[in-house]
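Here the structure comes first, spelled out in structure tokens, and everything after it is commentary.
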Amino acid sequence: MHAVLTVAAAILLCGQFGSSKDFDAMFRSRFSYFGDDITDGDEFDYIVVGAGAAGSAVAARLALAGKHVLLVEAGGDPNILTKIPRASLALGNSFLDWSYDTLPNEKSCLASKGRRCRFTRGRCLGGSTSINYMMYTRGHRKDYDFNISGWTWKDIEPYFLKYEGLQDLNLLPKSSAAYHNTSGVVAIGYFGDSGNPWHKRIIDGFTSGGERVSTAKAYLELEGVQRNLKIAKNTQCTGVIIDENNTARGVTVSRSANETLRLYAKNEVVLSAGTIGSAQLLMLSGVGLKEHLREFGIPVKADLSVGNEMSDHVLPLVNIKVDHDAISASNPLSIGLKGIEALQWLTTRTGPMTSNSLTDVTAFLNSNCYDFTLKRLVNDRPECAIPNLQFIYAYVHKGVANIAQTFSDSFLPIAGEVLEQTISANDESSFIVISPVIMRPKSRGWMRLASSDPLVPPAINPNYLSEESDVKEMVEAIKIIEQMVETPTYKKYNASIHRLKISGCPDVDKNGYWECYVRHMTNSVYHAVGTAAIGRVVDERLRVKGIKNLRVGDASVLPHLPRGNTAAAIIAIGERLADFLLQDQWLSR
1475 MHAVLTVAAA
1485 ILLCGQFGSS
1495 KDFDAMFRSR
1505 FSYFGDDITD
1515 GDEFDYIVVG
1525 AGAAGSAVAA
1535 RLALAGKHVL
1545 LVEAGGDPNI
1555 LTKIPRASLA
1565 LGNSFLDWSY
1575 DTLPNEKSCL
1585 ASKGRRCRFT
1595 RGRCLGGSTS
1605 INYMMYTRGH
1615 RKDYDFNISG
1625 WTWKDIEPYF
1635 LKYEGLQDLN
1645 LLPKSSAAYH
1655 NTSGVVAIGY
1665 FGDSGNPWHK
1675 RIIDGFTSGG
1685 ERVSTAKAYL
1695 ELEGVQRNLK
1705 IAKNTQCTGV
1715 IIDENNTARG
1725 VTVSRSANET
1735 LRLYAKNEVV
1745 LSAGTIGSAQ
1755 LLMLSGVGLK
1765 EHLREFGIPV
1775 KADLSVGNEM
1785 SDHVLPLVNI
1795 KVDHDAISAS
1805 NPLSIGLKGI
1815 EALQWLTTRT
1825 GPMTSNSLTD
1835 VTAFLNSNCY
1845 DFTLKRLVND
1855 RPECAIPNLQ
1865 FIYAYVHKGV
1875 ANIAQTFSDS
1885 FLPIAGEVLE
1895 QTISANDESS
1905 FIVISPVIMR
1915 PKSRGWMRLA
1925 SSDPLVPPAI
1935 NPNYLSEESD
1945 VKEMVEAIKI
1955 IEQMVETPTY
1965 KKYNASIHRL
1975 KISGCPDVDK
1985 NGYWECYVRH
1995 MTNSVYHAVG
2005 TAAIGRVVDE
2015 RLRVKGIKNL
2025 RVGDASVLPH
2035 LPRGNTAAAI
2045 IAIGERLADF
2055 LLQDQWLSR
């Protein structure tokens, strides 16, 4: 909220508008999408539930093919902050977020409030692509070899190319050019300069012209889409209508506590509500583990392992204190957005606010190819090209105490002594924050219904760090960071790791400290997948097993995590699902 007020104040103080009413009117007209009235009994060719990374792609492609489509979205329009790349950190735990929390456990998230990790999921047009950190990474080609017919890298690569509109192809090595496209509908560009003194633009992401590019912007604004697409905003799907022949006929939706509508699909229903939302809707509709459904009196339509085998990327924050006085006055992580920077963005779409607020640099490596004696990578085997770790780097200016509080409020819900020590250390030193992420964790979690009421959030237990091998891999990553900090480049700035004193953990110089640290400082990277995976819940064409005319297309169908951020892969799944629907509809004539 502080960021919203500061941006608004910058405009008003500069005399651009006479009142906050004028200011709000500009944002409504400029950042809202068309919405449509629906009535009980309305019928469409297709109904798509969820306007996120995959759902917006599916709905738009079907509409462009001349199909009459309804896109159901529980949230509304994304607001002005979603357009500003640097404001990303302020978007979690807001009205744009489902604001899920995990169940408390004894192996992870121990320094978080209530021992619960935040589980952010976008609740607006564009879904999580409207509130995430906009990173564009595909993963490794082997990530898409599912050992299922029709799912290899060669099968999915055309769909990355179909949507990709890379704006900086000339910055890539010539050998990479053939693997990218510059004419797709989703603009991919490099973030603007953040003011970080350590580097210039490095990271590419879902950004163009100084703005975020969500799937709402990329797909729902396409010319020709609105002719055949209806969007039901602020409309929560409460279940799929499945008849006695196990055929999906439509959906039930709610716009208020007193209004439930039944809407019908001539052809198929598509669930693209995300790893949590799609699994919850399947269970509410009678598709899931029969014992679990019977607990809530839900008639079983198909006994499938919905909600199982969930995996997610997690990270701890490792703060490195540095002395660096000759730096820009701008700070990429300062959510107290400066008026002049706000005005610069609003008038020219340039300046530090065009940068991602959390990720300055990212690196991928295979720690099995790191030689701790030589203190360097030794890429002497083919598997060294397949990363098992991602390092995410950010820079935090000295004295920006509100950063820790912002993390606590919207990203990492740390509390008590950990939060106080972080603020105190930042008052004395700037930070380079390095967060290691295990690319293919072995820990698996689950989600279940907490109630048969669709408006009650489900129970989410990701089981982070339940496998000791994940903890070992994370500690090994931190030991690599320890060696990095001892290099001349870091020592030039008096770099040292800020070791938090955590109750219940060994002393900072004792064995077991880092293991205890990662269990306390765990947080989700919001990449959960697998709750309706291909092979277990849906078939190779994303059809729900045992149910006709019902498909799922989103992160929930991925049987395992890609080695990198997930948004790029999910959009490709949406593109491919649209092709499946159109091909199968033509064949059924």
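Counting in my numbering, the sequence shown runs from 1475 upward without gaps.
By construction, the Cβ of each residue, glycine as well, lies at the ideal position given by its N, Cα and C atoms.
Note that the coordinates shown come from a computational prediction; the quantities given were computed from them, not determined experimentally.
Item: For the alpha helix (DSSP H) containing residue 1632, list its first residue and its last residue.; Value: 1627-1637
Item: Taking 8 Å as the cut-off, decide whether the C-beta atoms of residue 1935 and residue 1917 are in contact.; Value: no
Item: Here's the rule: buried if 16 or more other CB atoms are within 10 angstroms of the residue's CB, otherwise exposed. What is residue 1648?; Value: exposed
Item: Contact between the segment 1593-1612 and the segment 1993-2002 is defined here as three or more beta-carbon pairs at a separation below 8 Å; is this criterion met?; Value: yes
Item: If you draw a straight line from the C-alpha of residue 1909 to the C-alpha of residue 1535, how long is it?; Value: 37 Å
Item: Find out if the Cβ-Cβ distance for the pair residue 1836, residue 1867 is shorter than 8 Å.; Value: yes
Item: Determine the DSSP secondary structure at residue 2044, reduced to helix, strand or coil.; Value: helix
Item: Grouping DSSP H, G and I as helix and E and B as strand, with all else coil, what is residue 1948?; Value: helix
Item: Measure how close the beta-carbons of residue 1794 and residue 1969 come, nearest whole angstrom, since I'm counting them as under 8 Å.; Value: 5 Å
Item: Counting Cβ pairs closer than 8 Å, one from the segment 1543-1562 and one from the segment 1766-1778, do we hit at least three?; Value: no
Item: Once the 5 residues before and after residue 2008 are set aside, which same chain residues still bring their CB inside 8 Å of it?; Value: 1620, 1622, 1625, 2014, 2016, 2031, 2032, 2033
Item: Can you find at least 3 beta carbon pairs, one from the segment 1744-1756 and one from the segment 1514-1533, that sit closer than 8 Å?; Value: yes
Item: What's the C-alpha gap between residue 1706 and residue 1532?; Value: 15 Å
Item: With respect to the beta strand (DSSP E) encompassing residue 1900, which residues constitute its N-terminal and C-terminal limits?; Value: Careful: residue 1900 lies outside any beta strand (DSSP E), inside the alpha helix (DSSP H) at 1890-1902.
Item: For the alpha helix (DSSP H) containing residue 1768, list its first residue and its last residue.; Value: 1764-1769
Item: Which of the three DSSP states is assigned to residue 2055 in this structure?; Value: helix
Item: Quick one, which of 1661, 1957, 1775 has its alpha-carbon nearest residue 1848's?; Value: 1957
Item: Please report how far the alpha carbon of residue 1756 lies from the alpha carbon of residue 1920, in whole angstroms.; Value: 14 Å
Item: Can you tell me the Cβ-Cβ gap for residue 1861 and residue 1846, rounded? I've got them flagged as a contact below 8 Å.; Value: Their Cβ separation, rounded to whole angstroms, is 18 Å, which puts residue 1861 and residue 1846 out of contact at 8 Å.
Item: Indicate the three-state DSSP secondary structure (helix, strand or coil) for residue 1736 in the structure shown.; Value: strand
Item: Per DSSP, what kind of secondary structure is residue 1774 in: helix, strand or coil?; Value: coil
Item: Check each candidate in 1912, 1907, 1723, 1822 and name the one with the smallest Cα separation from residue 1666.; Value: 1822
Item: Would you kindly check if the distance between the Cβ of residue 1712 and the Cβ of residue 1689 is under 8 Å?; Value: no
Item: Quick check on the burial criterion: 16 or more other C-beta atoms within 10 angstroms. Buried or exposed for residue 1632?; Value: exposed
Item: Smallest Cα separation from residue 1872: which of 1634, 1900, 1941?; Value: 1900
Item: Where does residue 1602 land, buried or exposed, given buried means 16+ other C-beta within 10 angstroms?; Value: buried
Item: What does residue 1935 pair with, by DSSP beta-bridge criteria?; Value: 1920
Item: Count the other CB atoms, across all protein chains shown, that sit within 10 Å of the CB of residue 1760; report buried if there are 16 or more and exposed otherwise.; Value: buried
Item: Check residue 1529 in the structure and name its three-state DSSP category.; Value: helix
Item: Grab the span of the beta strand (DSSP E) containing residue 1863 for me, first residue to last.; Value: 1863-1870
Item: In its own chain, which residues sit with a C-beta less than 7 Å from the C-beta of residue 1943, not counting the 5 before and 5 after it?; Value: 1916
Item: Going by Cα to Cα distance, which pick from 2060, 2040, 2049 is closest to residue 1610?; Value: 2040
Item: So, under 8 Å CB-CB, residue 1971 and residue 1792 are touching, yes? Tell me the CB distance rounded to an integer number of Å.; Value: 6 Å
Item: For residue 1584 and residue 1630, I'd like the C-alpha separation in whole angstroms.; Value: 38 Å
Item: Would you call residue 1758 buried or exposed, if buried means 16 or more other Cβ atoms sit within 10 Å of its Cβ?; Value: buried
Item: Look at the alpha carbon of residue 1567 and the alpha carbon of residue 1573, and state the distance between them as a whole number of angstroms.; Value: 5 Å
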